[in-house]
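Protein sequences appear in the order of chains A and B. If you read the first sequence in my numbering, its first letter stands for residue 14, the second for the next number, and so on. If you read the second sequence in my numbering, its first letter stands for residue 32, the second for the next number, and so on. Cβ atoms here follow ideal geometry from the backbone N, Cα and C, with glycine treated the same way.
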Amino acid sequence: MSVIEASQIRLSGTARTKEEAIREAADILVAAGAVESGYLDYMLQREATVSTYMGNLLAIPHGTNEGKDTILDSALSFVRYDEPLDWGGEEVRFVVGIAGKDGGHMDILTKIAIVFSDEDEVAKLLAAGSPDEVLQILGDVNE
Amino acid sequence: MAERTVELASKHGLHARPATLFTQTVAKSGLPVQISKNGKAVNAASILGVISLGIEHGDTVTLVSEAPDSDGLLDELATLLSTDLDAE
Numbered sequence: 014m015s016v017i018e019a020s021q022i023r024l025s026g027t028a029r030t031k032e033e034a035i036r037e038a039a040d041i042l043v044a045a046g047a048v049e050s051g052y053l054d055y056m057l058q059r060e061a062t063v064s065t066y067m068g069n070l071l072a073i074p075h076g077t078n079e080g081k082d083t084i085l086d087s088a089l090s091f092v093r094y095d096e097p098l099d100w101g102g103e104e105v106r107f108v109v110g111i112a113g114k115d116g117g118h119m120d121i122l123t124k125i126a127i128v129f130s131d132e133d134e135v136a137k138l139l140a141a142g143s144p145d146e147v148l149q150i151l152g153d154v155n156e
Numbered sequence: 032m033a034e035r036t037v038e039l040a041s042k043h044g045l046h047a048r049p050a051t052l053f054t055q056t057v058a059k060s061g062l063p064v065q066i067s068k069n070g071k072a073v074n075a076a077s078i079l080g081v082i083s084l085g086i087e088h089g090d091t092v093t094l095v096s097e098a099p100d101s102d103g104l105l106d107e108l109a110t111l112l113s114t115d116l117d118a119e
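What follows is the structure, encoded as C-alpha cells:
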C-alpha cells in the first residue's frame, strides 16, 4: 500500500478548529484502512502534550507511542484549508496526519519535513489545483 | 567558533517532540547554531530543518556556532541530544 494516495488528499478541508482538523485527519486515515478509530484519541493526547505545529503553515498531528497498536499500516492524510486554522496561536493551512507502522514514523516525518522546509515547495502546495499535483510535489514519500 | 560532535540517544530518533525541545532551546538563546549530519547543515532553530535531516538513534551530528559566547549553549544542546528524550 502507498503511504499516500489521491483519496487521502483534500484541497479544501471543512474543519474550522484544531480539534476538528485532527478529527478530519483521523477520519481520512481510518477510511484508508491505516488506523483503527481509537487512533484519534492518541492524536488528541499527543496534541495536548506538545503542539505538532512545525512552521511554514504546517501541523502534523500523530498519535502517542502508546497508540501504536491502533496503527495497521503506514499512511498520511493531507488536508489544505482555505482559511488559516488557529493552531495554538500559529497559522496553519496544511494538516498532515501521520500514522507510522513499525518505526516507519521517522522516515515519513523526514520526507514531509524536506518538502515543507522549502518555501518554494510550500508555495506550490498552496497553489496546487488537484490531488494529483499534491502527490507530485510530495513525490518520494511513497518510495 | 564553538563546535560539538554528539551521538543521538533518543531511541525513536529526533522526531517531532524531541526536535521541538531542541529547536526551542536554540531559539530561546537567540544565538545562531547550525546542526549537520553527513555534511548537510541546517539552522538548528528550525524544526522542519532539523527533522529534514532524519536523525536516527545512534547517528552522529555536529553542532556549530559562530557566536563568541555559545559554549554554554552548545554544551546544553549536546546534553539534550545525548539524553534519551523518549524515556521521559
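Buried or exposed by the 16-neighbour rule on C-beta atoms within 10 Å, applied to residue i
i       : result
T36(B)  : exposed
M32(B)  : exposed
S101(B) : buried
Q21(A)  : buried
E37(A)  : buried
S143(A) : exposed
L112(B) : buried
Beta-carbon proximity list for residue i, same chain, < 6 Å, skipping 5 on both sides
i       : result
D82(A)  : none
G80(B)  : V73, N74
L104(B) : S60, L62
R2(A)   : Residue 2(A) lies beyond the residue range present for chain A, which begins at 14 and ends at 156; the question has no answer from this structure.
E34(B)  : V95
V57(B)  : V64, A75, A76
N- and C-terminal bounds of the beta strand (DSSP E) containing residue i
i       : result
Q65(B)  : 65 to 68
S96(B)  : 91 to 96
I111(A) : 103 to 112
G103(B) : Looking at the DSSP string, G103(B) is not in any beta strand (DSSP E); the run it does join, the alpha helix (DSSP H), is 102 to 112.
S90(A)  : 88 to 100
V37(B)  : 33 to 38
Beta carbon proximity, residue i to chain B, threshold 7 Å
i       : result
L122(A) : yes
F129(A) : yes
A126(A) : yes
V63(A)  : yes
G68(A)  : yes
M56(A)  : no
N-terminal and C-terminal residue of the alpha helix (DSSP H) that residue i is part of
i      : result
G80(B) : 78 to 83
A44(A) : 31 to 44
K71(B) : Element bounds for K71(B): not the alpha helix (DSSP H) but the beta strand (DSSP E), 71 to 74.
CB contact check: residue i to chain A, cutoff 7 Å
i      : result
T51(B) : yes
I66(B) : no
R35(B) : no
G89(B) : no
Cβ neighbours of residue i in the same chain (closer than 8 Å, five flanking residues each side left out)
i      : result
S77(B) : T54
Spatial neighbours of residue i in its chain, beta-carbon cut-off 7 Å, leaving aside the 5 residues before and after
i       : result
T114(B) : A40
D115(A) : none
Beta carbon proximity, residue i to chain C, threshold 7 Å
i      : result
A47(B) : Absent from the structure: chain C. Protein chains present are A and B.
Contact list for the region 89 to 103 of chain A against chain B, Cβ threshold 8 Å: none
Please list the residues of the region 55 to 87 of chain B that have a C-beta atom closer than 9 Å to any C-beta atom in chain A, keeping them in chain order. V73, S77, I78, L79, G80, V81, I82, S83, L84, G85, I86, E87
Can you list, in chain order, the residues of the region 72 to 89 of chain A whose Cβ is nearer than 7 Å to any Cβ on chain B? I73
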